Structures are given as C-alpha cells and as structure tokens.
Amino acid sequence: MDIQNFGTTKSYLAPQLEARSHPDKGGNGVFARESVSESTLLAVWTGVVIDEEQLETVPPHIRAYVAQIEETLYLVSLPPIEPADYINHSCQPNAGMSGQIGIVALRDIEPGEEICIDYAMCDGSPYDEFRCSCETPGCRGHVTGNDWMLAELQERYHGYFSPYLQRRIDWQRESLGVADEPLEFTLHAITFGSELMDQAQRIIDAGWPEFMLHDAVANEHWFDLYRKFPDYQFALMTRTGGKIIGIGNSVPLTWHDDLANLPDEGWDWALQRAVADWETWDAPRIQCALSITLAPEFRGKGYSSQMVQAMKSLGGAHGFDYLIAPVRPSMKQQYPLVRMESYARWRNPDGLPFDPWLRVHARLGAEIIKVCHRSMHISGAISDWERWTGLTFHDQGAYPIPGGLVPVEIDPSNDRGVYVEPNVWMAHSIWNAE
Numbered sequence: 324m325d326i327q328n329f330g331t332t333k334s335y336l337a338p339q340l341e342a343r344s345h346p347d348k349g350g351n352g353v354f355a356r357e358s359v360s361e362s363t364l365l366a367v368w369t370g371v372v373i374d375e376e377q378l379e380t381v382p383p384h385i386r387a388y389v390a391q392i393e394e395t396l397y398l399v400s401l402p403p404i405e406p407a408d409y410i411n412h413s414c415q416p417n418a419g420m421s422g423q424i425g426i427v428a429l430r431d432i433e434p435g436e437e438i439c440i441d442y443a444m445c446d447g448s449p450y451d452e453f454r455c456s457c458e459t460p461g462c463r464g465h466v467t468g469n470d471w472m473l474a475e476l477q478e479r480y481h482g483y484f485s486p487y488l489q490r491r492i493d494w495q496r497e498s499l500g501v502a503d504e505p506l507e508f509t510l511h512a513i514t515f516g517s518e519l520m521d522q523a524q525r526i527i528d529a530g531w532p533e534f535m536l537h538d539a540v541a542n543e544h545w546f547d548l549y550r551k552f553p554d555y556q557f558a559l560m561t562r563t564g565g566k567i568i569g570i571g572n573s574v575p576l577t578w579h580d581d582l583a584n585l586p587d588e589g590w591d592w593a594l595q596r597a598v599a600d601w602e603t604w605d606a607p608r609i610q611c612a613l614s615i616t617l618a619p620e621f622r623g624k625g626y627s628s629q630m631v632q633a634m635k636s637l638g639g640a641h642g643f644d645y646l647i648a649p650v651r652p653s654m655k656q657q658y659p660l661v662r663m664e665s666y667a668r669w670r671n672p673d674g675l676p677f678d679p680w681l682r683v684h685a686r687l688g689a690e691i692i693k694v695c696h697r698s699m700h701i702s703g704a705i706s707d708w709e710r711w712t713g714l715t716f717h718d719q720g721a722y723p724i725p726g727g728l729v730p731v732e733i734d735p736s737n738d739r740g741v742y743v744e745p746n747v748w749m750a751h752s753i754w755n756a757e
C-alpha cells in the first residue's frame with residue numbers, strides 16, 4: 324500500500340512555538356519561542372486515520388509520526404512532516420493530550436523549553452516501543468504500549484490521557500470497585516524481560532504442582548504471552564508497599580462460533596490459537612483466561628475475586644464482550660477418581676458450585692459451558708514423573724498424584740507417563756459485571 328495515496332494533511336502549532344533541529348537528540352523538536360501559560364492549546368495533529376492492518380504497511384521512518392487515537396485506529400502524518408509532528412517524548416513532560424489529537428500545556432512553560440508529552444498519554448499498543456534517553460529524573464528507560472497502566476502515571480496524568488485510554492482506566496477502576504475512592508490495589512502490566520516478569524514467574528512456579536510446569540504447549544509458548552500479548556498479563560499489587568497480590572495471564576482469541584462449541588482441548592488450544600491468531604493478524608473477539616496465581620501471603624483471603632475482576636477489566640478495556648476460561652477446579656484433586664462432569668454438577672445448599680474456584684467464578688456471574696476433557700496434555704519419562712510427584716511407579720496403571728485432578732497413566736513398557744487434565748469451560752459476560 325502506497326501511503327502517499329492516503330491524501331495530504333495540515334496540523335496546527337501555536338504561534339508561541341517553533342519547530343527546529345535538536346542536535347542533542349539527532350533530529351528535530353518543538354520549542355517555546357516565548358512564555359506559554361498553563362492549559363494553552365499548543366498543537367493539533369492532523370493526518371489520515373488508518374487501522375491496524377494498514378499500520379503494518381507504514382514504513383519505519385514514518386511510523387515514528389504515528390499516534391494511536393482509538394483502540395484500533397491510528398493517525399499517520401504524511402510527508403512532508405508537519406511542525407507539530409516533531410513533539411517528542413519525555414518521562415517528565417510539560418504537555419499533555421486534549422482529546423484525541425490536541426496537545427495542551429500542563430504548566431507554565433518558559434522560553435527555550437522543549438515541548439514534550441509522555442507517549443503513555445496516547446499509546447496503548449506496542450506499535451512504537453523504544454529505549455528512552457530523555458535523561459529526566461524518573462526516566463523509565465523504555466517506552467512501551469503498556470505504560471498507561473502504571474498507577475503513578477494514571478494519577479499524574481489524570482485528565483490528560485487520550486479518550487480511549489481514559490475509558491480503559493475508568494473501566495478498570497469501576498471493575499475493581501474503586502471508582503470513587505483512593506485505589507487500594509493497582510494493576511501493573513508485565514512486559515517481557517522486565518523485573519516484574521521475573522517476580523511473576525517465581526510466584527507462578529511456586530504456585531502450581533511441579534508436573535503442571537511441563538505442559539509441552541506451555542513450554543513452547545509461555546513467554547509469547549509477554550512478547551505478543553503484554554496488554555493481557557498483569558500483576559495486581561497493593562497501593563502501599565507495592566506487594567504483589569497475584570498474577571493474571573490471559574490471551575485475546577478469534578472465536579466466531581457459539582460458546583457451546585468451544586473445543587475439548589481447552590487450555591492448550593487457547594494458547595496455541597492465540598499465537599496463531601497473532602501471527603495471521605486475525606482480529607480477536609474474546610478474552611481467554613489462562614492463569615490466576617495468588618502470592619502465598621494473599622491466598623485464602625478473598626483476593627481471587629479481585630483478580631478475576633481485574634482480568635475482566637482488561638477485557639472490557641479492549642472492548643470484548645466475554646471472558647472465557649478453562650477453569651481448573653481447586654478441590655478436584657481431592658476427588659481424582661470422580662468424573663469431571665459429575666464433579667462440576669455438585670452444588671452446595673445455596674445452589675452454587677461445590678468447588679471453591681468454580682464458585683468464585685459463578686458468584687461473579689460466570690456460567691458453566693461444558694467440560695473440556697483434554698485441556699492440558701503432559702507427558703514424560705517415568706523418572707520425570709517420579710521426580711515431579713515424589714512417588715515411585717512400579718507397575719502399569721492409573722496413579723492418583725499430588726495436585727492431580729485425574730490419575731496419571733503409567734506405562735513402564737514404553738517408559739512413559741501421560742497426564743491428560745480435564746477442565747471446565749466457563750464464560751463471563753464482561754459488560755454485565757457489577
């Protein structure tokens with residue numbers, strides 16, 4: 324696609340400003356020629372609106388002049404570049420967003436100051452991530468499409484986010500029940516290679532039975548979650564002290580069929596399908612939960628509901644209607660010989676599911692769709708299974724194992740143990756969340 328065919332554009336730059344070369348940054352910038360008062364309209368971007376598919380055709384040297392203006396829409400400025408397009412990023416900006424395309428002064432600006440915004444105010448996807456060298460106090464070092472999720476920035480830039488990002492933030496706050504009071508918890512995006520990712524992985528590794536960490540699909544694609552879907556991986560943290568309450572992992576999926584037809588493969592299918600959709604640029608339609616893991620000190624204290632709500636808030640922020648999940652019933656391990664269909668139907672006197680984890684989802688409005696019998700497939704040598712479980716296997720047969728929802732099938736003649744875990748498909752209607 325030839326972007327020259329998109330048309331021509333003309334932006335606005337306040338008369339108190341000028342665009343000129345910026346040798347320190349190896350390019351250009353916008354500077355104040357005279358004093359500017361707080362709230363002054365500094366610039367208005369113009370350009371051609373394109374979607375995500377068209378964005379992929381924009382050359383790298385032009386992509387630096389693209390701004391995200393809606394969930395799936397972007398504004399591209401065409402050559403020749405307009406003066407307003409030279410407004411650079413800073414982690415300590417003096418300007419902020421006004422609507423989708425306006426730039427206003429956050430404070431009084433002195434002559435000679437460079438006009439900068441924080442790209443966290445307008446970017447909500449990873450189309451233009453880069454190492455930051457603004458060298459201001461508190462420089463983040465790396466600018467990502469998840470920076471809008473940082474609690475500190477949400478407070479600092481309140482009222483100066485692009486409208487679609489403010490909707491995301493408002494939805495999250497409302498979903499977490501903190502819209503009209505100080506936040507007790509904050510959501511933090513987890514990006515690949517970050518210290519938070521390392522902390523998250525330690526919590527996940529400690530939170531699951533050892534054998535669950537050896538699913539072949541997970542081993543192949545787990546870190547794709549942080550590379551390809553960083554918007555859907557989060558840590559829920561205490562506002563005071565910054566302690567991690569729990570880690571949430573989910574993926575966006577393309578699913579055009581009825582939810583009753585969700586596949587029998589469950590967890591493995593969801594992760595493989597998400598990666599395949601990403602590689603073919605199929606537009607996602609629903610969100611699928613893969614894992615919610617609480618830090619040890621926060622288990623058994625009711626925070627699991629908060630985690631589910633936080634995950635739903637991410638789906639709501641991206642405009643999805645449903646959060647689906649291949650749910651792993653938490654007490655099924657105590658009944659490994661009971662068929663999952665029977666177990667999922669067990670009810671307490673109040674009519675809610677017997678299983679605590681199924682019950683958490685049900686209380687938040689989720690409905691049981693059906694059992695997915697082959698949700699995870701874990702295979703290993705008998706020595707592996709003995710190491711993972713602490714048991715010894717001598718004969719062929721089905722062995723209940725610690726943490727297993729069903730027995731593992733041991734076949735000494737082939738030196739193989741195979742565990743096929745059933746889960747329960749459940750679905751939340753995101754927009755009906757309280």
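Numbering (this note's numbering), first residue to last: 324 to 757.
Positions of the beta carbon are idealized from the N, C-alpha and C atoms, including for glycine.
It should be emphasised that the depicted structure is a prediction, and the values quoted were computed from it without experimental measurement.
Please determine, among the options, the residue with the shortest C-alpha to C-alpha distance to residue i.
{"i": "residue 751", "options": "367, 730, 606 and 685", "result": "685"}
{"i": "residue 543", "options": "595, 574, 436 and 559", "result": "595"}
{"i": "residue 635", "options": "690, 412 and 646", "result": "646"}
{"i": "residue 422", "options": "483, 452 and 460", "result": "483"}
{"i": "residue 435", "options": "356, 641 and 626", "result": "356"}
{"i": "residue 571", "options": "648, 428 and 623", "result": "648"}
{"i": "residue 639", "options": "715, 375, 350 and 555", "result": "555"}
{"i": "residue 651", "options": "747, 668 and 732", "result": "747"}
{"i": "residue 734", "options": "719, 548, 743 and 481", "result": "719"}
{"i": "residue 387", "options": "628, 376 and 405", "result": "405"}
{"i": "residue 384", "options": "368, 376 and 401", "result": "401"}
{"i": "residue 637", "options": "333, 627, 621 and 609", "result": "609"}
{"i": "residue 485", "options": "418, 714 and 653", "result": "418"}
{"i": "residue 407", "options": "333, 349 and 474", "result": "333"}
{"i": "residue 725", "options": "656, 341, 477 and 631", "result": "656"}
{"i": "residue 341", "options": "643, 736, 553 and 366", "result": "366"}
{"i": "residue 337", "options": "741, 425, 391 and 403", "result": "425"}
{"i": "residue 377", "options": "369, 364 and 391", "result": "391"}
{"i": "residue 585", "options": "564, 611, 565 and 642", "result": "611"}
{"i": "residue 393", "options": "433, 491, 429 and 354", "result": "491"}
Per the DSSP calculation, residue i is bridged to which residue(s)?
{"i": "residue 690", "result": "750"}
{"i": "residue 439", "result": "411"}
{"i": "residue 559", "result": "510 and 569"}
{"i": "residue 616", "result": "570"}
{"i": "residue 399", "result": "371 and 389"}
{"i": "residue 273", "result": "Given a span of 324 to 757 for the chain in the structure shown, any question on residue 273 remains unanswerable."}
{"i": "residue 533", "result": "Its beta-bridge partners do not exist; DSSP assigns none."}
{"i": "residue 540", "result": "Per DSSP, none; premise fails for residue 540."}
{"i": "residue 336", "result": "366"}
Please return the same chain residues whose Cβ sits closer than 6 Å to the Cβ of residue i, not counting the five positions on each side in sequence.
{"i": "residue 352", "result": "345, 409, 411 and 437"}
{"i": "residue 389", "result": "397 and 399"}
{"i": "residue 676", "result": "682 and 685"}
{"i": "residue 467", "result": "452 and 514"}
{"i": "residue 504", "result": "Because the pLDDT of residue 504 is 37, which lies under 50, any placement of that residue in the model is unreliable, and the number read from its coordinates should be weighed accordingly. Correct list: empty, nothing qualifies."}
{"i": "residue 739", "result": "none"}
{"i": "residue 506", "result": "The pLDDT assigned to residue 506 is 37, lower than 50, so where the model puts this residue is not dependable, and the model offers no usable value."}
{"i": "residue 597", "result": "574 and 576"}
{"i": "residue 627", "result": "683"}
Output needed for residue i: all residues of its chain with C-beta closer than 8 Å, excluding positions within five of it in sequence on either side, in chain order.
{"i": "residue 488", "result": "444, 445, 447 and 471"}
{"i": "residue 583", "result": "692 and 693"}
{"i": "residue 537", "result": "701, 703, 707 and 711"}
{"i": "residue 431", "result": "358, 359, 360 and 361"}
{"i": "residue 381", "result": "326, 373, 389 and 399"}
{"i": "residue 455", "result": "412, 414, 462, 463, 464, 465 and 466"}
{"i": "residue 442", "result": "412, 451, 466 and 470"}
{"i": "residue 481", "result": "none"}
So, for residue i: in the same chain, excluding its five sequence neighbours on each side, which residues have a beta-carbon less than 7 Å away from its beta-carbon?
{"i": "residue 510", "result": "472, 495, 557, 559 and 633"}
{"i": "residue 659", "result": "723, 727, 728, 729 and 730"}
{"i": "residue 764", "result": "Since the first and last residues shown for the chain are 324 and 757, residue 764 lies out of range."}
{"i": "residue 689", "result": "749, 750 and 751"}
{"i": "residue 613", "result": "572, 573, 574, 590, 593 and 594"}
{"i": "residue 587", "result": "695, 696 and 697"}
{"i": "residue 524", "result": "none"}
{"i": "residue 745", "result": "663, 694, 695, 696, 698, 728 and 729"}
{"i": "residue 578", "result": "608 and 609"}
Any beta carbon of chain B sitting closer than 8 Å to that of residue i?
{"i": "residue 583", "result": "The question asks about chain B, but that chain is absent: this structure has only one protein chain."}
Is the closest heavy atom of the ligand GDP to the C-beta of residue i under 7 Å?
{"i": "residue 688", "result": "Absence of the ligand GDP from the depicted structure is noted, as is the absence of any ligand whatsoever, leaving it without description."}
Quick test of the definition: if touching needs 3 or more C-beta pairs under 8 Å, does the stretch 577 to 591 touch the stretch 687 to 703?
Yes, the stretch 577 to 591 is in contact with the stretch 687 to 703.
Is the stretch 597 to 613 touching the stretch 514 to 523 in the sense that three or more CB pairs, one from each, lie closer than 8 Å?
The stretch 597 to 613 and the stretch 514 to 523 do not touch, with fewer than three beta-carbon pairs separated by less than 8 Å.
For the stretch 526 to 533 and the stretch 611 to 619, state whether three or more C-beta atom pairs, one from each stretch, are separated by less than 8 Å.
Contact holds: three or more Cβ-Cβ distances are below 8 Å.
In chain order, what are the residue ranges of uninterrupted beta strand (DSSP E) at least 3 long that sit wholly in the stretch 667 to 727?
Listed in chain order, they are 690 to 703 and 720 to 722.
Inside the stretch 360 to 391 only - alpha helix (DSSP H) runs reaching at least 4 residues
Residue ranges of uninterrupted alpha helix (DSSP H) with 4 or more members, entirely inside the stretch 360 to 391 and ordered along the chain, are 375 to 378 and 383 to 386.
Residue ranges of each beta strand (DSSP E) within the stretch 574 to 625, 3 or longer:
The qualifying runs are 609 to 617.
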